[in-house]
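Worksheet: one structure, shown below.
Residue numbers (the UniProt record's numbering): 1 to 113.
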């Protein structure tokens with residue numbers, strides 16, 4: 001992952017979105033700002049950032065992990081909360097493997113009911 005991740009240089013490619021699809025980029029930016037606005041949401045920002053971190057870990061998006069781990073800390077998250085978010089993501093991925101593994105039995109036709 002580190003081979004292609006460059007926190008500073010990668011942001012320069014946003015220029016392509018700005019040039020080719022500025023309307024969609026603006027809509028996405030407005031949506032993202034609404035989701036992560038500091039106040040006025042039922043779920044406090046710290047918890048939304050921890051959710052985003054867990055989702056980023058689950059989807060293995062280095063950009064999400066980078067941004068949302070930092071944003072969670074800025075919103076008051078502790079290292080213990082970051083760790084628990086990572087374990088939540090791990091449990092969900094493992095649970096998904098377990099649940100989808102059952103489909104192998106179902107779809108193989110080898111299992112008799």
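All C-beta atoms, glycine included, are put in the ideal place defined by N, C-alpha and C.
(request) Determine contact between the segment 96-106 and the segment 75-84, defined as no fewer than three beta-carbon pairs at a distance below 8 Å. (result) Flag = no, the segment 96-106 and the segment 75-84 do not touch.
(request) Hey, could you find the ends of the alpha helix (DSSP H) residue 102 is sitting in? (result) For the purposes of this step, residue 102 is taken as residue 102 along the chain shown, with counting starting at 1. Note, residue 102: alpha helix (DSSP H), 79-108.
(request) Would you be able to state if there are at least three C-beta pairs under 8 Å between the segment 81-97 and the segment 50-57? (result) Cβ pair count under 8 Å is three or more, so yes.
(message) Quick check on residue 24: does DSSP put it in helix, strand or coil?
(response) As a first step, residue 24 is located in the chain shown; it is residue number 24 there, counting from the start. Residue state, collapsed to three classes: helix.
(request) Sort 20, 107, 59, 64 by Cα distance to residue 32 and report the nearest one. (result) As a working note, residue 32 is residue 32 in the chain shown. Out of 20, 107, 59, 64, 64 has the C-alpha closest to the C-alpha of residue 32.
(request) State the DSSP-derived secondary structure class of residue 127, mapped to helix, strand or coil. (result) No information on residue 127 is available, as it lies outside the stretch 1 to 113 that the chain covers here.
(request) Examine the ligand ATP and report whether any of its heavy atoms sits within less than 8 Å of the Cβ of residue 93. (result) With respect to the ligand ATP, the structure offers nothing, as it holds no ligand at all.
(request) Using 10 angstroms around the beta-carbon of residue 89, count the other beta-carbons present and answer buried if the total reaches 16, otherwise exposed. (result) Here residue 89 is taken as the residue at index 89 of the chain shown, counted from 1. In summary, residue 89 is buried, with 16 or more beta-carbon neighbours lying within 10 Å of its beta-carbon over all protein chains present.
(request) Report the rounded CA-to-CA distance for residue 36 versus residue 45, giving the unit in angstroms. (result) Numbered from 1 along the chain shown, position 36 holds the residue referred to as residue 36. Numbered from 1 along the chain shown, position 45 holds the residue referred to as residue 45. Each residue's alpha carbon lies about 7 Å from the other.
(request) Assign residue 108 to buried or exposed, taking buried as 16 or more other Cβ atoms, counted over all protein chains shown, within 10 Å of its Cβ. (result) Your numbering for residue 108 matches position 108 in the chain shown. Exposed: under 16 other Cβ atoms inside 10 Å.
(request) For the alpha helix (DSSP H) holding residue 63, just list the boundary residues, first then last. (result) Here residue 63 refers to the residue found at position 63 of the chain shown. Secondary structure note for residue 63: its alpha helix (DSSP H) is the uninterrupted segment 62-74.
(message) Applying the 10 Å Cβ sphere with the 16-neighbour rule, what's the burial state of residue 68?
(response) Within the chain shown, residue 68 is the residue found at index 68, counting from 1. Here residue 68 is buried: its Cβ has 16 or more other Cβ atoms, across all protein chains shown, within 10 Å.
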